[in-house]
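J.: Residue 162 in UniProt numbering is what sits at position 162 of the sequence shown, and the numbering runs on without skipping anything.
Glycine included, each C-beta is placed from N, C-alpha and C at the ideal position.
Only a predicted model underlies this, so the values are computations on that prediction, with no experimental measurement involved.
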Amino acid sequence: MTRKPNLLRSGGKLPTGMDMVGKSQNIQELLIAIYNRLYNYFGPRHWWPAETPFEVIVGAILTQNVAWKNVEQAIANLKAAGLLDPEAMFRATAVELEPHIRPAGYYRTKAKKLKAFVEHLWKRYNGSLTAMFSRPLAELRPEILAIYGIGPETADAILCYAGNYPIMVMDAYTRRVFSRLGFFDEKITYQGMQEFFMANLPRDQYLYNEYHALIDGLANQLCRKNQPDCSKCPLGDICPRLGVNL
Numbered sequence: 001m002t003r004k005p006n007l008l009r010s011g012g013k014l015p016t017g018m019d020m021v022g023k024s025q026n027i028q029e030l031l032i033a034i035y036n037r038l039y040n041y042f043g044p045r046h047w048w049p050a051e052t053p054f055e056v057i058v059g060a061i062l063t064q065n066v067a068w069k070n071v072e073q074a075i076a077n078l079k080a081a082g083l084l085d086p087e088a089m090f091r092a093t094a095v096e097l098e099p100h101i102r103p104a105g106y107y108r109t110k111a112k113k114l115k116a117f118v119e120h121l122w123k124r125y126n127g128s129l130t131a132m133f134s135r136p137l138a139e140l141r142p143e144i145l146a147i148y149g150i151g152p153e154t155a156d157a158i159l160c161y162a163g164n165y166p167i168m169v170m171d172a173y174t175r176r177v178f179s180r181l182g183f184f185d186e187k188i189t190y191q192g193m194q195e196f197f198m199a200n201l202p203r204d205q206y207l208y209n210e211y212h213a214l215i216d217g218l219a220n221q222l223c224r225k226n227q228p229d230c231s232k233c234p235l236g237d238i239c240p241r242l243g244v245n246l
C-alpha cells in the first residue's frame, strides 16, 4: 500500500501541549496531526508483511505473546512444508503442525488455534476466505471471536489486514503511547481504546491499518516500556510523558 490520505492541511503541525485533549471538537484534528507526524517520521510501514490473506491470519495467531522475528521463522517453516495453505492446514493434524511453528512459542496451543480456525473456515465457508470476507463486519467479527484462541486483537488484525475491513487494531503499544500522551488512562480496556479512535478518526481502512502500524513502530523503537528515547520521539515536544520514569 502506498496511498496516504490527505488528512491535515497544516501538514502535521501539532499544538504546543496537550490541553486540546478533552475538547471533543479538537480530538480528531489532534489524532490526525499525530498520525501525520508519525507517517512523516517513519514513512509507510507496509504492514502486514505477507504474501496472502491466509498468511496474515496465520501470522496474527502465531504472534500472540511472541516477537515477530519468531513468527517469521515459523511461517517460513510452514511454507517450506507446504502447509501455509488453508486446505493443506485443514488436512494436517495439530501434531503435524507443531514442529513447524515451534519458534513461535506455545506451539501446542497455537497449533490447536490454527486448526480451530481452518476447521471453522472449512465447515462454514468450504475453505473460502473470499466467502468469509464477504460477510458484513458487524456479523463476521463476533463469529471470528467465537473461534477457539482468538481474542479481540487477533480478530481485528485478521479483519483489518487480511479482510480489509475498516476496523482499527488496538494493543499494549497503543495503550502505552496514548496513555503517556494523556488521551486516556493506562488501565483503559481494549474496547474503550478502539471506540475512542474509531469515534474520532475518519472511517478508512487504510488509515486504521497504517496508524496501528505507526504506533507499533513508535513503541518498538522509541516509546519503549523501559528507558524510552524521548529525545528522538517525533511527538516529544507535546508529550507530557505521563507514567514515564526516565
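With the cut-off set at 7 Å, would you say Ala172 and Gly149 are in Cβ contact?
T.: no
J.: Determine, using beta-carbon pairs with one atom in the region 178-196 and one in the region 232-241, whether at least three such pairs fall under 8 Å.
T.: yes
J.: On the three-state DSSP scale, how would you describe Asn245?
T.: In the structure shown, Asn245 sits in coil (DSSP, three-state: anything other than H, G, I, E or B).
J.: Tell me which same chain residues have a C-beta within less than 7 Å of the C-beta of Pro166, skipping the five on either side of it?
T.: Arg203, Asp204, Gln205, Tyr208
J.: Answer yes or no: do Gly163 and Phe133 have a C-beta to C-beta separation smaller than 7 Å?
T.: Result yes, Cβ atoms of Gly163 and Phe133 sit closer than 7 Å.
J.: Are at least three pairs of beta-carbons, each pair with one atom in the region 102-111 and one in the region 79-90, less than 8 Å apart?
T.: No, the region 102-111 is not in contact with the region 79-90.
J.: Are the CB atoms of Pro53 and Leu114 nearer to each other than 7 Å?
T.: no
J.: Short check: CB of Arg176 to CB of Ala219, under 7 Å?
T.: yes
J.: Have a look at Ala138 and His212 and give me their C-alpha separation to the nearest angstrom.
T.: 21 Å
J.: Which residue comes first and which comes last in the alpha helix (DSSP H) that contains Pro49?
T.: Unbroken run through Pro49: none, as it is neither H nor E.
J.: Please classify Trp47 as buried or exposed, where buried requires at least 16 other C-beta atoms within 10 Å of its C-beta.
T.: buried
J.: Please state whether the Cβ-Cβ distance between Lys100 and Ala131 is less than 7 Å.
T.: Checking the sequence, you will find His at residue 100 rather than Lys. Cβ atoms of His100 and Ala131: not closer than 7 Å.
J.: Please give me, in chain order, every unbroken run of the alpha helix (DSSP H) with length at least 4 that falls completely inside the UniProt domain "HhH-GPD" (62-221).
T.: 68-80, 86-91, 94-101, 107-125, 129-132, 137-145, 152-157, 172-180, 190-200, 205-221
J.: Do the CB positions of Leu84 and Glu55 come within less than 7 Å of each other?
T.: Closer than 7 Å, so yes.
J.: Once the 5 residues before and after Thr154 are set aside, which same chain residues still bring their CB inside 7 Å of it?
T.: Ala60, Ile61, Gln64
J.: Sort Arg224, Leu78, Gly217, Val244 by Cα distance to Leu38 and report the nearest one.
T.: Gly217
J.: Do you know offhand how far Phe42's Cα is from Arg124's?
T.: 40 Å
J.: Under the rule that 16 or more other beta-carbon atoms within 10 Å means buried, what is Asp185, buried or exposed?
T.: exposed
J.: Count the other C-beta atoms from every protein chain shown that fall within 10 angstroms of the C-beta of Val95, then say buried if there are 16 or more, exposed otherwise.
T.: exposed
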